[in-house]
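Please read the structure below before turning to the comments.
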Amino acid sequence: MPDINREYEAQHLQNLASQQKQVQVLYYAVLDEVFRASTGITITNTTFRITDYPALNSAITRILTAFQQQLMITLVNGIQGEFNLSTAKNLALLEQKYGTVAEPVKQAFRNQQAFSNFIARKTRRLTLSDRVWNLTNQLQAEIEQTLFVGLSEGQSAAKMAQEAKRFLKEPDRLFRRLRNAKGKLVLSKPAKLYKPGVGIYKSSYKNALRLSRTETNAAYRAADGEQWKNTKFVLGYEIKLSRNHPAYDICDNLAGVYPVDFDWVHWHPNCICYKIPVLASKEQYDKYEDALLVGEADKFKFEGRIKDVSPAFKAYVAENREKMEGWKQLPNWMVENKRFVKSE
1 MPDINREYEA QHLQNLASQQ KQVQVLYYAV LDEVFRASTG ITITNTTFRI
51 TDYPALNSAI TRILTAFQQQ LMITLVNGIQ GEFNLSTAKN LALLEQKYGT
101 VAEPVKQAFR NQQAFSNFIA RKTRRLTLSD RVWNLTNQLQ AEIEQTLFVG
151 LSEGQSAAKM AQEAKRFLKE PDRLFRRLRN AKGKLVLSKP AKLYKPGVGI
201 YKSSYKNALR LSRTETNAAY RAADGEQWKN TKFVLGYEIK LSRNHPAYDI
251 CDNLAGVYPV DFDWVHWHPN CICYKIPVLA SKEQYDKYED ALLVGEADKF
301 KFEGRIKDVS PAFKAYVAEN REKMEGWKQL PNWMVENKRF VKSE
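First residue of the sequence shown? That's 1 in the UniProt record's numbering, and the numbers climb one at a time after it.
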């Protein structure tokens, strides 16, 4: 019998890798276009500001507006794909476990509203659109910094684009070049003072890759969670370690079985743990379908529902609560599951 959970998890990981590539293509394309637009620029002031060059400023604004829209489309399409993947997986699991599944049950797994809610949600008070806007602003600052370095060194547009792509992956190289730039040019004060916030990469590109990974992964887990919460014969779920789990950490401590109303998408950024549903027996499900067909599904009670987190989870939270509450930001799984992480 095929392991459907593993098959779909492998597809999910392929989707993550594919979207990372799409983000890279977007960044490379925008840099090529920006630096082509800078061809022929001559310095007219001792301080370099993009706004001092109206044609260049207008071109960069247009390019970055298109980039912002395209990045948002890429992320939203990826999220929609993960919701669709979750639906396909869960229907496959039901058919493997129970055989033919009643149409009303199938329809319950096609929840467009859950997708819309996910796109509109706020994380740390920011919507997905807000975070894409922030990435675009960060990229604009990096472009101004790269132009400053390139023009101060007399680089061609092609050379600046090539260097900018290197800076995406090695942002410290750009910051060293800014400090060491020679000549009469002075970087504009806003660009010179630009510093990313705590927990944010110096590279817009790296932040975009992390956002892509986090959102795509969270979409798949959230889609599962929403479907399972609203499905009576899903009794709970088990969080399992990935076969590619790199080293012992929180994931090892908290792997195990959880109630369906425990909200989980990951233990930490870049977490590759996954979850599988704990389904009721076929005997119970057949009785439930009989009740469904005569309009008595609401009265049917499944046995074996998981109602609480494990003693191991409670012990981990008790042991680490003080340390975690001292962090600037609590992990999402603590914020979203207050009734399960409350002090004893």
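For every residue, glycine included, the Cβ atom is placed at its ideal position computed from N, Cα and C.
The three-state secondary structure of Thr136, taken from DSSP, is helix. In the three-state scheme derived from DSSP, where H, G and I count as helix and E and B as strand, Phe48 is classed as strand. Residue burial is scored here from C-beta neighbours: Tyr220 has at least 16 other C-beta atoms within 10 angstroms and is therefore classed as buried.
Look at Tyr53 here: in three-state DSSP terms it is coil, with no helix or strand label. Just so you know, the alpha carbons of Asp308 and Ile119 end up roughly 29 Å apart.
Taking the C-beta atoms as reference points, Ile4 is found no nearer than 8 Å to Ile60.
Fully contained in the region 260 to 340 are the following alpha helix (DSSP H) runs of length 4 or more, in chain order: 282 to 293, 311 to 325 and 332 to 335. By the CB criterion at 8 Å, Ala218 and Val265 fall inside the cutoff.
Lys97 has its alpha-carbon roughly 19 Å from the corresponding atom of Lys301. Three or more Cβ pairs closer than 8 Å define a contact, and the region 111 to 131 falls short of that threshold against the region 309 to 320. The beta carbons of Asn337 and Asp263 sit closer together than 8 Å. Here the alpha carbon of Pro259 sits roughly 23 Å from the alpha carbon of Met324.
When Cβ pairs closer than 8 Å are counted between the two stretches, the region 270 to 290 is seen to touch the region 231 to 246, the count reaching three or more. Three or more pairs of CB atoms, one per stretch, sit closer than 8 Å, so the region 144 to 160 contacts the region 48 to 56. Contact check for Ala312 against Asn253 passes: the beta carbons are separated by less than 8 Å.
By the CB criterion at 8 Å, Phe35 and Ala164 fall inside the cutoff. Take Gly81, set aside five residues on each side of it, and the residues of its chain with a beta-carbon closer than 7 Å to its own are Asn15, in chain order.
Pairwise C-beta distances place the region 278 to 290 out of contact with the region 20 to 32, as fewer than three of them are shorter than 8 Å. Straight-line spacing of the CA atoms in Arg121 and Glu215 works out to 11 Å. Contact annotation: Leu56 and Val132 have beta-carbon atoms that are not nearer than 8 Å.
Leu64 sits close to Leu139, with the two beta carbons spaced by under 8 Å. Your pair Leu91 and Phe109 checks out as a contact, with CB atoms roughly 6 Å apart and the cut at 8 Å.
In its chain, beyond the 5 residues on either side, Leu168, Lys169 and Pro171 have a beta carbon closer than 8 Å to the beta carbon of Lys206. Taking C-beta separations shorter than 7 Å and ignoring five residues to either side along the sequence, the partners of Leu292 in its chain run Ala102 and Pro104, following chain order. Secondary structure note for Gly225: it is in no beta strand (DSSP E), and the uninterrupted alpha helix (DSSP H) holding it is Ser204 to Lys229. Per the C-alpha coordinates, the member of Asn320, Ser310 and Gln329 positioned closest to Phe340 is Ser310. Within 10 angstroms of the beta-carbon of Ala247 lie fewer than 16 other beta-carbons, which makes it exposed.
When the beta-carbon positions are compared, Leu85 and His12 come within less than 8 Å of each other. Taking the Cα of Leu135 as reference, the smallest distance to any Cα among Ser212, Ser204 and Asn111 is reached at Ser204.
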